[in-house]
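*Asks:* In this note's numbering, the protein residues as written are 126 to 271. Here it is, the structure in full.
See the structure below:
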C-alpha cells in the first residue's frame with residue numbers, strides 16, 4: 126500500500142451519533158398538546174375523535190369526569206352513560222399533532238369522516254366539512270382497498 130501512497134485506518138462501528146440517536150427527550154403521549162385523538166369503546170366497535178390544545182391527559186381526565194358525574198357534555202360521555210359502556214382511555218391514540226387550530230379542526234373532521242360508521246361523534250362535529258370532501262375521502266378509501 127505504501128507503493129500507491131494509500132493509508133489504511135480503522136473505523137469503529139459504534140460512533141457517538143449512533144449512541145445518542147435522540148438528543149431531544151421523547152414526550153410521553155399523555156403530555157402532548159395540540160392533538161387530534163381517538164378513543165375506543167371497550168364494549169363495542171364505537172370510537173370517538175376529538176381535538177384539544179391542552180395536555181392530552183387533562184382532556185382525558187375531563188372525559189372521565191363527565192362520565193363519572195353523569196354529564197353528557199360530549200358524544201363520548203353520552204355514549205358511555207346511555208349504553209353503560211366503558212371507554213378505553215389507556216389506549217387513547219394520537220392521530221395528528223397540529224398547533225394551528227383551524228388545521229387541527231380540519232384533521233379532526235377528516236378523521237371523523239374516515240371513521241364514519243364507527244364514530245359516536247355528533248354530526249355537528251362535521252357539519253362544516255362539506256359533501257365534496259366527504260366524497261373525496263371515501264373515494265380515496267375505496268381506491269386503496271386491496
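Glycine included, each C-beta is placed from N, C-alpha and C at the ideal position. Predicted, not measured: the structure shown is a model, and the values here were computed from it.
To the nearest angstrom, how far is the alpha carbon of residue 167 from that of residue 212?
*Replies:* The count along the chain shown starts at 1 and reaches residue 167 at position 42. The count along the chain shown starts at 1 and reaches residue 212 at position 87. Approximately 5 Å, taken between the alpha carbons.
*Asks:* Near residue 156, which residues of its chain fall below 8 Å by C-beta distance, leaving aside the five closest residues on each side in sequence?
*Replies:* The sequence position of residue 156 within the chain shown is 31, counting from 1. Within the same chain, residue 156 has close Cβ partners 180, 181, 182.
*Asks:* Go ahead and label residue 271 buried or exposed: buried means 16 or more other beta carbons lie within 10 angstroms of its beta carbon, across all protein chains shown.
*Replies:* Within the chain shown, numbered from 1, the residue matching residue 271 stands at position 146. Bear in mind that the predicted position of residue 271 carries a pLDDT of just 40, short of 50, making it unreliable; the figure below should be weighed with that in mind. With fewer than 16 Cβ atoms within 10 Å of its Cβ, residue 271 is classed as exposed.
*Asks:* Thinking residue 204 and residue 245 are a contact (beta carbons under 8 Å), I'd like their distance in whole angstroms, please.
*Replies:* Here residue 204 is taken as the residue at index 79 of the chain shown, counted from 1. Here residue 245 is taken as the residue at index 120 of the chain shown, counted from 1. Yes, residue 204 and residue 245 are in contact; Cβ-Cβ is about 4 Å, under 8 Å.
*Asks:* From residue 193 to residue 164, what distance separates their C-alpha atoms?
*Replies:* In the chain shown, residue 193 corresponds to position 68, counting from 1. In the chain shown, residue 164 corresponds to position 39, counting from 1. Approximately 17 Å between the Cα atoms of the pair.
*Asks:* Sort 178, 169, 170, 132 by Cα distance to residue 228 and report the nearest one.
*Replies:* For this step, residue 228 is matched to residue 103 along the chain shown. Taking only the C-alpha atoms, the option nearest residue 228 is 178.
*Asks:* Tell me the DSSP secondary structure of residue 186 in three-state form.
*Replies:* Numbered from 1 along the chain shown, position 61 holds the residue referred to as residue 186. Here residue 186 sits in helix by DSSP.
*Asks:* Determine which residues share a DSSP beta bridge with residue 169 and list them.
*Replies:* Numbered from 1 along the chain shown, position 44 holds the residue referred to as residue 169. DSSP output for residue 169 lists no bridge partner at all.
*Asks:* Just the Cα atoms here: how many angstroms apart are residue 232 and residue 153?
*Replies:* Taking the first residue of the chain shown as position 1, residue 232 is located at position 107. Taking the first residue of the chain shown as position 1, residue 153 is located at position 28. When rounded, the distance between both Cα atoms is 22 Å.
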